[in-house]
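Protein chains in written order, with the numbering used here: chain W, 4 to 286; chain X, 4 to 286. For glycine and all other residues, C-beta sits at the position ideal for the given N, C-alpha and C.
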């Protein structure tokens, strides 16, 4: 069943589209969902290059292009993730959607904040001022690289979805022991694996699951930021979220999900050290 | 003059498109450019809400939606930026493109990594484990929020460009004294202004300037990361970049630009403290 943009907007926001202007891109966004099961169909030769090239057209701070992406085939991905030992970190329990996504995808992408390239180049410049050469070690550049990588990854995603591919962001990938990723992917210092991304053609037998979102007026602030004070400010979203959870047989309240997702785990706690280990000290 | 996707690809990458599959989104990306002069035409009622809603359909880590955006009219933006005093930080010299962008745009958006909302909510949960309540103060969540905000902003950008709007990312905005932004935008702790964004309908009399990019095979790595060793690895890009610079009368070498952009400045150095000041300690 095809989902109309209006229906998707209703599901997400509980009301009608606020504007008659639209576009194919906006409609694509409204009706998109994360894909967790792929068909196994291969991505055509040259398409990955074109999608990365389209992502490279994204704005980049100071023309720095401080990001990279490592592409692994499904078999390479299964090999490097050492997933029998990292099941809990990666959410790869035997009945999990992540496991079915990994086993049916075409490619795993690892998106990197990458100041290594800039660092190598600046250190090649004769008589460079040491303070200039040190810039890739500063918080401003760490932030630039993380933003650059993230916005390029999202351009990639929208381009990929526009040719029928499905995408699953995999944030837990950065929670792997950093030494594992560093060694297996040959990552130099001043690169940081921000998140993984599984891609492939979707298994079309799986229903697209459009998820409700927080009311736009809580995300979009006019003139000044309006701080929320308690759960009542999210009451409309809470209704949509909980109705959807019942339908999806997830039986979770909004508070329940919030507490679940904020659980404490070693692999989350060591991210601070992982960042430092790769040179992202925010100093 | 309309730029074809193939022509744009040639300008950016110096060769033909690597794949016959394409889409309107990919073509839109290939032919896009940052807009630095707007027509002054107003954005239609409801369109900003729809564009933010389309950005809200972007994936978000653990359904956290840890971002916000503050929208200011042009007059509000000119007022809060205190730009006579912050000209150097914001690149607002009297003959600058940034100044003409600010004076002709419709709206300034300030994109925030926002863990404040989650923090307020989790502290409302009765008998919450203090370690769970502390999660918004950890590096993993600081990273999640920065990525969430960035990818939402890029979805916004592509949606905005799809309805004919132009966009200018304004990273220098975060280099303003953080106390100024905190006070003028009423920002609570655990929010951080990552970048600004000027939007409006483009002044169509200005030629679209398609910029060359690094060869895709230096951004896209197969199986493992391949580190560059020196400027020779970028020789093809260097040629494209320098030809373009001559055409644009910028007379800059690639090395020249690299050194320029990595200049040392107080406003860059204090970003580390700005992050800490707002609670983004990466601990």
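Tell me, please, which residues DSSP counts as bridged to residue i.
i: residue 74 of chain W; result: W:112 and X:225
i: residue 172 of chain W; result: W:200
i: residue 117 of chain W; result: W:194
i: residue 205 of chain X; result: X:41
Name the chain X residues whose beta carbon is nearer than 8 Å to that of residue i?
i: residue 1 of chain W; result: Here chain W has residues from 4 to 286 only, and residue 1 of chain W is not among them.
i: residue 150 of chain W; result: 149, 153, 174, 197 and 198
Could you name the residues of chain W that residue i contacts, counting a contact when the two beta carbons are closer than 8 Å?
i: residue 27 of chain X; result: 27, 28 and 165
i: residue 264 of chain X; result: 65, 66 and 67
i: residue 12 of chain X; result: 56
i: residue 305 of chain X; result: Limits of chain X in this structure are 4 at one end and 286 at the other, which puts residue 305 of chain X out of reach.
Only counting the same chain, and skipping five residues up and downstream in sequence, which positions put a Cβ closer than 6 Å to that of residue i?
i: residue 12 of chain X; result: 20 and 33
i: residue 58 of chain W; result: 155, 158 and 159
i: residue 188 of chain W; result: 73
i: residue 77 of chain W; result: 108
i: residue 241 of chain W; result: 257
i: residue 15 of chain W; result: 215 and 216
i: residue 243 of chain W; result: 17 and 215
i: residue 63 of chain W; result: 151
Determine whether the beta carbon atoms of residue i and residue j lie at a separation below 8 Å.
i: residue 193 of chain W; j: residue 285 of chain X; result: no
i: residue 162 of chain X; j: residue 150 of chain W; result: no
i: residue 205 of chain X; j: residue 83 of chain X; result: no
i: residue 223 of chain W; j: residue 209 of chain X; result: no
i: residue 173 of chain W; j: residue 201 of chain W; result: yes
i: residue 111 of chain W; j: residue 80 of chain W; result: yes
i: residue 18 of chain X; j: residue 103 of chain X; result: no
i: residue 165 of chain W; j: residue 26 of chain X; result: yes
i: residue 196 of chain W; j: residue 177 of chain W; result: yes
i: residue 246 of chain W; j: residue 236 of chain W; result: no
i: residue 136 of chain X; j: residue 274 of chain W; result: no
i: residue 183 of chain W; j: residue 92 of chain W; result: no
i: residue 219 of chain X; j: residue 52 of chain W; result: yes
i: residue 234 of chain X; j: residue 265 of chain W; result: no
i: residue 167 of chain X; j: residue 203 of chain X; result: no
i: residue 66 of chain X; j: residue 260 of chain W; result: yes
i: residue 128 of chain X; j: residue 267 of chain W; result: no
i: residue 75 of chain X; j: residue 226 of chain W; result: yes
i: residue 29 of chain W; j: residue 47 of chain X; result: no
i: residue 49 of chain W; j: residue 270 of chain X; result: no
i: residue 280 of chain X; j: residue 213 of chain X; result: no
i: residue 282 of chain X; j: residue 140 of chain X; result: yes
Taking 7 Å as the cut-off, is the C-beta of residue i nearer than that to any heavy atom in the ligand SAM?
i: residue 45 of chain W; result: Ligands are entirely absent from the displayed structure, and the ligand SAM is therefore not among its contents.
Can you list, in chain order, the residues of its chain with a C-beta nearer than 7 Å to that of residue i? Leave out the 5 residues immediately preceding and following it.
i: residue 43 of chain W; result: 107
i: residue 211 of chain W; result: 6 and 36
i: residue 94 of chain X; result: 101 and 175
i: residue 61 of chain X; result: 154, 155 and 158
i: residue 89 of chain X; result: 179
Chain W partners of residue i, CB-CB under 9 Å?
i: residue 212 of chain X; result: Ordered by position in chain W, no residue passes the 9 Å Cβ test against residue 212 of chain X, which lies about 12 Å from the chain.
i: residue 41 of chain X; result: Correct list: empty, because the minimum Cβ distance to chain W is about 16 Å.
So which residues on chain X does residue i lean against when the C-beta distance must stay under 9 Å?
i: residue 182 of chain W; result: What residue 182 of chain W touches in chain X: nothing, since even the nearest Cβ is about 15 Å away.
i: residue 73 of chain W; result: 223, 224, 225, 226, 227 and 228
i: residue 231 of chain W; result: 119, 120, 123 and 124
i: residue 15 of chain W; result: 56, 59 and 60
Listing by chain order, which chain B residues have their CB less than 7 Å from the CB of residue i?
i: residue 6 of chain W; result: The displayed structure is made up of protein chains W and X, and chain B is not among them.
So residue i contacts chain X; which residues on that side make the cut at Cβ distance below 7 Å?
i: residue 156 of chain W; result: 154
i: residue 49 of chain W; result: 21 and 22
i: residue 209 of chain W; result: Those within 7 Å of residue 209 of chain W in chain X number zero; the least Cβ separation is about 17 Å.
i: residue 142 of chain W; result: 274, 275 and 278
CB-CB under 8 Å to residue i, same chain, minus the five flanking residues each way: which ones, in chain order?
i: residue 231 of chain X; result: 221 and 237
i: residue 254 of chain X; result: 248
i: residue 9 of chain W; result: 19 and 20
i: residue 87 of chain W; result: none
i: residue 98 of chain W; result: none
What does residue i touch in chain W if you count any residue whose Cβ is under 7 Å from its own?
i: residue 134 of chain X; result: 267
i: residue 35 of chain X; result: 60
On the three-pair Cβ rule with 8 Å, is the segment 63-72 of chain W touching the segment 111-130 of chain W?
A contact is defined here as three or more CB-CB pairs under 8 Å, and the segment 63-72 of chain W meets this definition with respect to the segment 111-130 of chain W.
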